[in-house]
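Number of protein chains: 2
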Amino acid sequence: MSQVPEKPVRDLTGESIGLVETQTVRFDRPLELSCGHTLPFVDVAYETYGELDAGRTNAVLICHALSGDAHAAGFHAEQKPDNPRHKPGWWDVYVGPGKAIDTRHFFVICSNVLGGCKGTTGPGSINPDTGKPWGLDFPVVTIADMVAVQLRLIDHLGIEKLLCVLGGSMGGMQALEWAVRHPERMAGLLPVATTASLGAQPLAFDAVGRNAIISDPQFHNGHYAQHDTNPARGLAIARMLGHITYLSEQSMHRKFGRNLRHAEKPGWSFDSEFAVETYLDYQGEKFVDRFDANSYLYITRAMDYFDLGEGRGGLEKALKGTSARVLVISFSSDWLFPPSQNHRIAKALLHAGRPAGYLNIDEAYGHDSFLLPSPTHQQAIRGFLENLLRQERGLAEEPVDLDPRQPDEKRRMDLQRIAELIEPGASVLDLGCGDGRFLQYLRQRGAGRVVGVDIDPFRVVEAIENGIDAIRADLDQPLEIFPDRSFDYVLLSRTLQTVRHPSVVMREMLRIGHRGVVSFPNFGYWRNRHQISWTGRAPVSRNLPYTWCDTPNLHFLSLKDFEDWARDEGLKIERRIPLDFTSASEIRFLPNLRATDAIYVIGRG
Amino acid sequence: MSQVPEKPVRDLTGESIGLVETQTVRFDRPLELSCGHTLPFVDVAYETYGELDAGRTNAVLICHALSGDAHAAGFHAEQKPDNPRHKPGWWDVYVGPGKAIDTRHFFVICSNVLGGCKGTTGPGSINPDTGKPWGLDFPVVTIADMVAVQLRLIDHLGIEKLLCVLGGSMGGMQALEWAVRHPERMAGLLPVATTASLGAQPLAFDAVGRNAIISDPQFHNGHYAQHDTNPARGLAIARMLGHITYLSEQSMHRKFGRNLRHAEKPGWSFDSEFAVETYLDYQGEKFVDRFDANSYLYITRAMDYFDLGEGRGGLEKALKGTSARVLVISFSSDWLFPPSQNHRIAKALLHAGRPAGYLNIDEAYGHDSFLLPSPTHQQAIRGFLENLLRQERGLAEEPVDLDPRQPDEKRRMDLQRIAELIEPGASVLDLGCGDGRFLQYLRQRGAGRVVGVDIDPFRVVEAIENGIDAIRADLDQPLEIFPDRSFDYVLLSRTLQTVRHPSVVMREMLRIGHRGVVSFPNFGYWRNRHQISWTGRAPVSRNLPYTWCDTPNLHFLSLKDFEDWARDEGLKIERRIPLDFTSASEIRFLPNLRATDAIYVIGRG
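One line per chain: the protein sequences are A and B, in this order. According to my numbering, the first sequence is numbered sequentially starting from 124. According to my numbering, the second sequence is numbered sequentially starting from 124.
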């Protein structure tokens, strides 16, 4: 992912949703938990924003992370929007009129998780058998149990099918569990900065945090409420540690560096002197005021136990039954649930034959990036949701016109010819898809499933906005995300000569597709030969318009070079279409000399 | 750093040093500390291995990290080498006969740090004023104070000048402080996996660890010894957390994954179930048995306060007075003191006009890599130390013969001609230096300072073995490590056409050097033109021996292309040497047509 972004994307600030209220509903039916225990009833705290449409097609469920709650957006009455110390809900920058999750179009639901401490039943709730808080007598809950409670809420709200379930971090785990358990109840899935299971390092961080809580002498084996105290030191330490894992090293260093709090010189003590120490102290103290230590134990344990593929024959099999359209999003600087973990989810979906897009966003703020106003993130979420809604409502998209009659240097007559090669119903993967408009065009011409790959995150976002399942990936790396023979056609138009390892890309192409379609500028074109021979310079011509030192073209090949190579590789050239871009015609006679470009359809030999 | 290593390096296992003993010496002279307090006397525990030579030229001081001690190698009498539960010193894989730090050649010293708990004065020592352990009454110590104590030991051992001071992690900090404070007392400096100051993230981890210790009810404000207890839970938590930062995410996951300790199914509890939890518990418990909580506080605080450039006008100025030859080593997967932190040290040295090499080693084991048997690491340390010893003893190196009469395809007559261009005393930087033999050759011909750059770590190690200050770097990234105009000549032999961004590399070349010397294969050579014109294929010839798809050459240029470009860039071509490799002659007539290769000497216009 070495390419520099070409242009910034637009911001989606929108407006605040204003005053909101948390509601609570009690479900009296007993709830069986994964661990085998049964809760006699469950209380659920939730908020909703926007209006459910008549067809009930526009409901979006947001799932919150470890320390979140039902209050995702807007202000509570006791908060004042004009008081800078009063803060809106935890995802307010994403939810509201005109924002990424636009409450003018969507009915948004967010509920506090089972095991939490913000209104939904948890270890701090009263145990009906004893009349005292549950404490550690509360049964261990799982992500699946959280989803079971959310399902009751969705039923209660009269929603048959959610448009989308989305969430970051632990919210993403819930969204994934939804997709596996209740595929018929959702059209879209948007897991962000998450994982299908915790690896050893996050398990270890969780263990250390819980150790700090349990070791606190005020913990009283979880019954601290009965002792009228709480393990504040331990919980603060757990939160401090967690907080480090939510930020990136760079963002932390940029914010605090080695600054001292209020001195030029060291204090020669173990007090908090460095700004970062004071900040962590503050984060720890603030958290203790608003969060319950037992809930911290239960919720981190639920994350530890979460393993989407476990008991389901692995991740790929687990995801086979899903039917939602999926966009997986990760952040480059997230080291808690890093891009590789999110990539793994998208890969499992594609290998399970499910449609999925994957976008890794370059942001510097670590895991917390998903909570911050990242324009790329906002644009991707909006593009995905709006396309889902259009699709669910059966609305047609605007017709795409490729317009081959552009100015000379932009004329891409190869695309027009390639489109004519794709038969109706055929599935197409476009490597180097740009904004996805060509795939849109193919889809409108009757192609089956279409998927795009691009290295540039802004092109991937545009493709998502154009309703394409797009994957951010570097063609110079193996495209393991795609299974063997998963597409009828894999396209590589005017890209072969720009990759570092053309053989690798071509092999991947024919591993993934039944056929490959390649177009490239012809190095053997007579003007090029002429220039080399008579001027003794590397050619700069209409089909190779760059000087030797600034060219994105890393390889030069003629039709003959390509054909020699295809023969050596044992590939079958099914069709050759030499083109002259200057005269917009097909070349039959002396193509290696006269064609500016060529298209080849190749198959395995 | 995208290139794949070409060959593995050889292992340096050697033999165990056998039985060793820790000695203790008391220095009765009061020691003034950085914080202003004075210790009336200092005890120092140390070990030595090997023999000091008559000239006292072969003494190597090893500085240990946070939890290390004086026992770097061999076995104590109470340990038994044949008992697998008995372990040798902490760096035994590096120190011994035939090992990287070969005790047949070097006299090796290692002492426990001030503030430690393994024999050197620290917070657990008896405060002579009270007759009780110091506890938190012990004054805060710094890395500089640790070095002051080591200096006394070196004086005591009668060593005027150390051959080298080396160490990993906090050991590297001590080594750096040595180089700034006592440049006259050392010939070499080898900081490994370290930093010139902690950034916000490691400061934060330290703070959380100390918080756990101080919050432990058994801490008793540091006077736990007087209460006959110790803050074992807190220290264990600090150690667990530290341990996570010493490993890499990959290595941790490879080792433990999500394995459960002794069950197939979850236990639905908060007990340690996952293997990684049990492992951390074990690490925590083991540490409590062998380490003192107060020492943990003092030593981590010393690391926090360490800032080599502070009070010295910044890092570069601080290093200006050093005279040691330096090799800085980092590990790719180290996220505690990552490559960038180590690179920063090497950069400051080079910008201060000091000689320095920099090697980033690809190892998967995180920060702990420096303790593990990494063959690349072993080979680099050995190569560096042996060259230092040779240099200190004034021994000549074996003459290098470039041997231009190699088989055709390997004949590099450009090198011979380039060597003739370099006047005696001129400093030379070779970009793409390989094993450094060409620089060795130039040095033997009378060149002044010579430095090499290569992307391949194994080539960099070979260059170090050949006594060259070599830097691992990717030419496609800016070479910020080198200051402006710091070399007379910067060489780029047969490399320009392989880089992604030739303009960037050339600009860097002329920023760093007064002159650039470039050699490249001539694309305008008549055989190439002939092939393109008459066969319509990308040329495969003696000077461009690769096919279009497997070539490392990403750009093709002729003499004319290069000259056009130099003119556009405003560069001055001071000399042009067209060559014919096939006839081993210089070409004067029609060079763009007849030369297979060319050398250019260029300067800023």
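Yeah, the Cβ is synthetic: ideal placement off N, Cα and C, and Gly gets one too. All values reported here derive from a predicted model rather than from experimental measurement.
Roughly how many angstroms separate the alpha carbons of residue 149 of chain A and residue 161 of chain A, rounded to a whole number?
-> Near 15 Å, if we compare the C-alpha coordinates of residue 161 of chain A and residue 149 of chain A.
Between residue 260 of chain A and chain B, is there a C-beta pair that is closer than 8 Å?
-> no
Cut-off 8 Å between Cβ atoms - residues of its own chain near residue 384 of chain A, not counting five sequence neighbours on either side = 395, 396, 397, 398, 400 and 401
List in chain order: all unbroken beta strand (DSSP E) runs of 3+ residues lying wholly within the stretch 297–341 of chain B.
-> 309–315
Environment of residue 249 of chain A [buried if 16+ CB atoms lie within 10 Å] = That one is exposed.
State buried or exposed for residue 518 of chain B, treating a residue as buried only when at least 16 other CB atoms are found within 10 Å of its CB.
-> exposed
Does any C-beta atom of chain B lie closer than 8 Å to the C-beta of residue 324 of chain A?
-> yes
Status (buried if at least 16 other CB within 10 Å, exposed otherwise) for residue 255 of chain A = Classification of residue 255 of chain A: exposed, given that the 10 Å Cβ count is below 16.
Alpha helix (DSSP H) segments (min. 4 residues) lying fully within the stretch 585–665 of chain A | Correct list: 625–635 and 649–658.
Backbone CA spacing between residue 727 of chain B and residue 551 of chain A [nearest angstrom] = Using only the alpha carbons, I get a separation of about 51 Å.
Tell whether a beta-carbon distance below 8 Å holds between residue 188 of chain B and residue 332 of chain B.
-> no
Note down the Cα distance separating residue 309 of chain A from residue 303 of chain A, rounded to an integer number of angstroms.
-> Rounded to the nearest whole angstrom, the C-alpha separation of residue 309 of chain A and residue 303 of chain A is 10 Å.
Residue environment, residue 130 of chain A, which counts as buried when at least 16 other CB atoms sit within 10 Å = With a pLDDT of 39 at residue 130 of chain A, under the threshold of 50, the predicted position of this residue should be treated as unreliable, though the coordinate-derived value follows. Its Cβ having fewer than 16 others within 10 Å, residue 130 of chain A is exposed.
Could one say the Cβ of residue 376 of chain B lies closer than 8 Å to chain A's Cβ atoms, at least one of them?
-> yes
Is the Cβ of residue 126 of chain A closer than 8 Å to any Cβ of chain B?
-> Because residue 126 of chain A carries a pLDDT of 37, less than 50, the predicted location of this residue cannot be relied on, and the following value inherits that uncertainty. Taking Cβ atoms only, chain B never reaches closer than 8 Å to residue 126 of chain A, which makes this a no.
Extent of the continuous alpha helix (DSSP H) run through residue 502 of chain B | 498–515
Can you name, in chain order, every residue of its own chain whose Cβ lies under 7 Å from the Cβ of residue 126 of chain A, other than the five neighbours on each side?
-> Only weak support is given to the placement of residue 126 of chain A: the predicted model assigns it a pLDDT of 37, under 50, and the question is left unresolved by the model.
DSSP puts residue 170 of chain B in a beta bridge; with which residues?
-> B:233
Could you tell me the distance, in whole angstroms, from the CA atom of residue 287 of chain B to the CA atom of residue 265 of chain B?
-> In this model, residue 287 of chain B and residue 265 of chain B are separated by some 21 Å (Cα to Cα).
How close, in whole Å, do the beta carbons of residue 230 of chain B and residue 174 of chain B come, if the pair is a contact with beta carbons under 8 Å?
-> 6 Å
Continuous alpha helix (DSSP H) stretch holding residue 520 of chain B: start and end = No alpha helix (DSSP H) holds residue 520 of chain B; DSSP gives it neither H nor E.
Note down the Cα distance separating residue 167 of chain B from residue 154 of chain B, rounded to an integer number of angstroms.
-> If you take the alpha carbons of residue 167 of chain B and residue 154 of chain B, they lie about 13 Å apart.
Where do the N-terminal and C-terminal ends of the alpha helix (DSSP H) with residue 710 of chain A fall, by residue?
-> Careful: residue 710 of chain A lies outside any alpha helix (DSSP H) and carries neither H nor E.
Identify, in the order they occur along the chain, each residue of the same chain with its Cβ nearer than 6 Å to the Cβ of residue 315 of chain B, setting aside the five sequence neighbours on each side.
-> 291, 295, 452 and 493
Determine the contact status of residue 194 of chain B and residue 244 of chain B, defining contact as a CB-CB distance below 8 Å.
-> Result no, Cβ atoms of residue 194 of chain B and residue 244 of chain B do not sit closer than 8 Å.
So what does DSSP say about residue 723 of chain A, is it helix, strand or coil?
-> strand
Through-space distance from residue 371 of chain B to residue 566 of chain B, alpha-carbon basis | 40 Å
Considering only residues of the same chain and omitting the five flanking positions on each side of residue 495 of chain A, which have a CB-CB separation below 7 Å?
-> 488
With 16 other CB atoms within 10 Å as the buried threshold, where does residue 172 of chain B fall?
-> buried
Look at the alpha carbon of residue 639 of chain B and the alpha carbon of residue 697 of chain A, and state the distance between them as a whole number of angstroms.
-> 50 Å
Going along the chain, which unbroken runs of the alpha helix (DSSP H) with 4 or more residues stay wholly within the stretch 227–281 of chain B?
-> 266–279
Please report how far the alpha carbon of residue 233 of chain A lies from the alpha carbon of residue 185 of chain A, in whole angstroms.
-> It is roughly 5 Å from the alpha-carbon of residue 233 of chain A to the alpha-carbon of residue 185 of chain A.
Along chain A, in chain order, which residues have C-beta atoms closer than 7 Å to that of residue 644 of chain B?
-> Residues of chain A passing the Cβ test: none, with the nearest at roughly 12 Å.
Can you tell me whether residue 419 of chain B is buried or exposed, with buried defined as 16 or more other CB within 10 angstroms of its CB?
-> When all chains shown are included, residue 419 of chain B counts as buried.
Can you tell which of A:724, A:702, A:621 and A:497 has the C-alpha that lies nearest to the C-alpha of residue 544 of chain A?
-> A:724
List the residues of chain B whose Cβ lies closer than 8 Å to the Cβ of residue 199 of chain A, in chain order.
-> For residue 199 of chain A, none of the residues of chain B pass the 8 Å Cβ criterion, the least Cβ distance being about 32 Å.
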